[in-house]
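The block underneath contains the structure these notes are about, expressed in structure tokens.
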Amino acid sequence: MKLTVAGKLALFIIALGLGFGGWKAYQKATGGKGVSVGPAGLNGADNPSPQATSGSQQTPVTVGENELQIVTSASKRGWINDQIDKFNQTSDVKLVPKLVETREAMQQILAGRLKPALWSPSSVIWADRLSEKLEQDTGKSPLDTSDPNSYRSVMKTPIVFLTTQENARVLRPLLSSSQCWENVDKLSKGRIPFSGGFKWAHADPLNANSGMLTLALIISDYANRTGQSGAIETVANSGAFMSYLKSLESKIVYNAAVQKGSSALVKSFAEDPSRYSFITAYESAAVEAVKSDSSLAVIYPNPTVNADNAVAFLNWPELSPAQKAAGQAFLKFIAQPESAKDGLKEYFRPLRGASLNSELESLKSNGFQANYSAIELPPYAVLNGVAFKWRQEIAKK
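Residue numbering for the sequence shown follows this note's numbering, beginning at 1044 and increasing consecutively.
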């Protein structure tokens, strides 16, 4: 059937109306803002990831009138869940846990998708950055890491190289020396021979704190060796450092386990150690892996760096007096000796009240040691910027 001019005009008007209706529905669904399709976080910006901005409703401060949400990462869920269970037995305000990796949690909080009353980040740099950014954006921060009623660090665990006993015979003198990262670079270039082919891994620093801490060790070592420790931000943005990092990580394995994070990478290594010559991991996770498989071993970078086991109380104005009191009470609860002893079950090193030394001594033949040297972390902005460059220029290549 041939349409007349009037018929065509009528169909056009109907189609235009349907299109406009669909646009209005889209605007309503997105709050009138639409969807950004540009790359997030280039040059180290704190732009939220897709995960941080997904979902239709903001997670509330509380999940009930007498409840508080506490956010932690998978690598610490055993200890924190034990503390939550014990605290809830005596508290009228109950804690409700949610698992989100540290960097992702920070992004979701900044994006307004997550608003926990309690948060357990894997390093104070994340808490400091959250506080700094919230103050910049809103004029006030609900968090002060210098106040023990707001931030309480109770345990630590250092970064180690996790490998096999067989590989450790070759790797220990190389990776336990003060030239360990130079030696990793030489291994990657083939200047130091390695039987079976050399390949190594650390967790994606944009998805896991252990990966970010690994980059902290690399850039700190480079800055010190090149006499630029006082200008680390300049180093991080230099072409010379990125060229070195690309060389050092030229044999990096970037697979699904690396992308998922710290726990997944250790599990991947434990299932098949031949996948990697070594990985970087938390000492706490390495102890667990070695106790399950005595053919594994660890080597401590010299120096290494610590991950914190801490809890922050975010004093949002909408919290009730009872909820605020419960949040601060939990910080005091985890500082008790019994809580420190519970940390030993997960192989963390309590800062006070208990010691992991006897466990480490029993695993001395696998390379564990009570004493080590550790660096202070570079500024967050430095690490974040390097992590984004790593993702774009190394991992994705």
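Note that the Cβ used here is the ideal one computed from N, Cα and C, for glycine as well.
Subject >> Collapsed DSSP secondary structure at residue 1249 in the structure displayed >> reply: As a position in the sequence shown, residue 1249 is number 206, starting the count at 1. Residue 1249 falls in the coil class under three-state DSSP.
**OP:** Taking only the alpha-carbon atoms, compute the straight-line gap between residue 1426 and residue 1211 and give it to the nearest angstrom.
**Re:** The residue given as residue 1426 occupies position 383 in the sequence shown. The residue given as residue 1211 occupies position 168 in the sequence shown. Distance between the alpha carbons of residue 1426 and residue 1211 is about 29 Å.
Original post:
Where does residue 1079 land, buried or exposed, given buried means 16+ other C-beta within 10 angstroms?
Top reply: In the sequence shown, residue 1079 corresponds to position 36, counting from 1. With a pLDDT of 26 at residue 1079, under the threshold of 50, the modelled position of that residue is not reliable, and the figure given next carries that caveat. It is exposed - the Cβ of residue 1079 has fewer than 16 other Cβ atoms within 10 Å.
Original post:
Exposed or buried, what is residue 1228 when buried is set at 16 or more other beta-carbons lying within 10 Å of its beta-carbon?
Top reply: In the sequence shown, residue 1228 corresponds to position 185, counting from 1. Residue 1228 is buried by the Cβ-count criterion.
Subject >> Local conformation of residue 1377 per DSSP, three classes >> reply: By one-based count along the sequence shown, residue 1377 stands at place 334. Correct three-state label for residue 1377: coil.
Original post:
In chain order, what residues of the same chain have a beta carbon less than 8 Å from the beta carbon of residue 1377, not counting five sequence neighbours either side?
Top reply: Residue numbering aside, residue 1377 sits at position 334 when the sequence shown is read from its first letter. So the list reads 1126, 1195, 1197, 1354, once near-sequence residues are dropped.
**OP:** Could you say which of 1215, 1312, 1423 lies nearest to residue 1245 if we only look at CA atoms?
**Re:** Stepping through the sequence shown from its first residue, residue 1245 is reached at position 202. Answer by Cα proximity: 1312.
Subject >> C-alpha distance - residue 1323 paired with residue 1206, whole-angstrom precision >> reply: Counted from its first residue, the sequence shown places residue 1323 at position 280. Counted from its first residue, the sequence shown places residue 1206 at position 163. In a straight line, the C-alpha of residue 1323 is about 9 Å away from that of residue 1206.
Subject >> Chain-order list of residues whose beta-carbon lies under 7 Å from that of residue 1119 (same chain, five-residue window excluded) >> reply: Stepping through the sequence shown from its first residue, residue 1119 is reached at position 76. Closer than 7 Å at the Cβ level, and outside the excluded window around residue 1119, lie 1163, 1352.
**OP:** Would you kindly work out how many angstroms separate the C-alpha atoms of residue 1276 and residue 1152, rounded to a whole number?
**Re:** Translated into the one-based positions of the sequence shown, residue 1276 becomes position 233. Translated into the one-based positions of the sequence shown, residue 1152 becomes position 109. Rounded to the nearest angstrom, the two C-alpha atoms are 26 Å apart.
Original post:
What's the C-alpha gap between residue 1231 and residue 1292?
Top reply: Indexing the sequence shown from 1 puts residue 1231 at position 188. Indexing the sequence shown from 1 puts residue 1292 at position 249. Rounded to whole angstroms, residue 1231 to residue 1292 spans 7 Å at the Cα level.
Subject >> Simplified DSSP assignment, three categories, for residue 1201 >> reply: One-based indexing of the sequence shown puts residue 1201 at position 158. In the structure shown, residue 1201 sits in a strand (DSSP, three-state: E or B).
**OP:** With DSSP collapsed to three states, give me the class of residue 1414.
**Re:** Here the question's residue 1414 lines up with position 371 in the sequence shown. Looking at residue 1414 - three-state DSSP - the assignment turns out to be coil, as it is neither helix nor strand.
**OP:** Look at the alpha carbon of residue 1128 and the alpha carbon of residue 1139, and state the distance between them as a whole number of angstroms.
**Re:** Residue numbering aside, residue 1128 sits at position 85 when the sequence shown is read from its first letter. Residue numbering aside, residue 1139 sits at position 96 when the sequence shown is read from its first letter. Distance between the alpha carbons of residue 1128 and residue 1139: 10 Å.
**OP:** Would you list, in sequence order, the uninterrupted beta strand (DSSP E) runs of no fewer than 3 residues that lie entirely inside the stretch 1320 to 1348?
**Re:** 1321 to 1325, 1339 to 1342
**OP:** Look at the alpha carbon of residue 1222 and the alpha carbon of residue 1345, and state the distance between them as a whole number of angstroms.
**Re:** What you label residue 1222 is simply residue 179 of the sequence shown in a count that begins at 1. What you label residue 1345 is simply residue 302 of the sequence shown in a count that begins at 1. So the two alpha carbons sit approximately 8 Å from each other.
Original post:
Between which two residues does the alpha helix (DSSP H) harbouring residue 1216 extend?
Top reply: What you label residue 1216 is simply residue 173 of the sequence shown in a count that begins at 1. That run of the alpha helix (DSSP H) goes 1208 to 1218.
Subject >> Per-residue burial, residue 1024 [other beta carbons within 10 Å of its own, 16 or more giving buried] >> reply: Because the chain is modelled from 1044 through 1440, residue 1024 falls outside the range shown and cannot be assessed.
Original post:
What is the C-beta distance between residue 1359 and residue 1185, in whole angstroms, given that I count them as a contact (C-beta under 8 Å)?
Top reply: Here residue 1359 refers to the residue found at position 316 of the sequence shown. Here residue 1185 refers to the residue found at position 142 of the sequence shown. Going by Cβ atoms, the distance from residue 1359 to residue 1185 rounds to 5 Å, so yes, they are a contact pair.
Original post:
Residue range of the beta strand (DSSP E) that residue 1137 falls in?
Top reply: Start at 1 with the first residue of the sequence shown, and residue 1137 comes out as number 94. Run containing residue 1137: 1137 to 1142, per the beta strand (DSSP E) assignment.
Original post:
the ligand SAH heavy atoms versus the CB of residue 1337: any closer than 7 Å?
Top reply: The ligand SAH is absent from the structure shown, which contains no ligand whatsoever.
Subject >> beta strand (DSSP E) segments (min. 3 residues) lying fully within the stretch 1254 to 1333 >> reply: 1321 to 1325
Original post:
Tell me which same chain residues have a C-beta within less than 7 Å of the C-beta of residue 1327, skipping the five on either side of it?
Top reply: Here residue 1327 refers to the residue found at position 284 of the sequence shown. 1200, 1389, 1390, 1391.
Original post:
Whose CA, out of 1383, 1373, 1334, 1423, lies closest to the CA of residue 1405?
Top reply: Walking along the sequence shown from the start, residue 1405 turns up at place 362. The shortest Cα separation from residue 1405 among 1383, 1373, 1334, 1423 belongs to 1334.
Original post:
Exposed or buried, which one is residue 1414 when buried takes at least 16 other CB atoms within 10 Å?
Top reply: Taking the sequence shown and counting its residues from 1, one reaches residue 1414 at position 371. Flag for residue 1414 reads exposed.
**OP:** Could you check if residue 1421 is buried or exposed, using at least 16 other CB atoms within 10 Å of its CB as the buried criterion?
**Re:** The count along the sequence shown starts at 1 and reaches residue 1421 at position 378. Residue 1421 comes out buried.
Original post:
Taking all protein chains shown into account, do 16 or more other C-beta atoms lie within 10 angstroms of the C-beta of residue 1385, making it buried, or fewer, making it exposed?
Top reply: Taking the first residue of the sequence shown as position 1, residue 1385 is located at position 342. By the 10 Å Cβ count, residue 1385 comes out buried.
**OP:** Count the other C-beta atoms from every protein chain shown that fall within 10 angstroms of the C-beta of residue 1380, then say buried if there are 16 or more, exposed otherwise.
**Re:** Walking along the sequence shown from the start, residue 1380 turns up at place 337. That one is exposed.
Original post:
Do residue 1399 and residue 1412 have their C-beta atoms within less than 8 Å of each other?
Top reply: Against the sequence shown, residue 1399 aligns to sequence position 356. Against the sequence shown, residue 1412 aligns to sequence position 369. Result no, Cβ atoms of residue 1399 and residue 1412 do not sit closer than 8 Å.
**OP:** Please go through the same chain and pick out, in chain order, the residues whose beta-carbon is closer than 7 Å to the beta-carbon of residue 1301, but skip the five residues on each side of it.
**Re:** Translated into the one-based positions of the sequence shown, residue 1301 becomes position 258. Closer than 7 Å at Cβ, skipping near neighbours: 1244, 1246, 1247, 1308.
Subject >> Buried versus exposed call for residue 1366 [16 or more other C-beta atoms within 10 Å across all chains shown] >> reply: In the sequence shown, the residue the question calls residue 1366 occupies position 323. Residue 1366 is buried by the Cβ-count criterion.
Original post:
If we call anything under 8 Å between Cβ atoms a contact, is residue 1253 one with residue 1350?
Top reply: Position 210 of the sequence shown, counted from the first residue, corresponds to residue 1253. Position 307 of the sequence shown, counted from the first residue, corresponds to residue 1350. Their beta carbons are under 8 Å apart, which means residue 1253 touches residue 1350 by this criterion.
Subject >> Simplified DSSP assignment, three categories, for residue 1110 >> reply: Residue 1110 sits at position 67 when you count from the first residue of the sequence shown. Strand.
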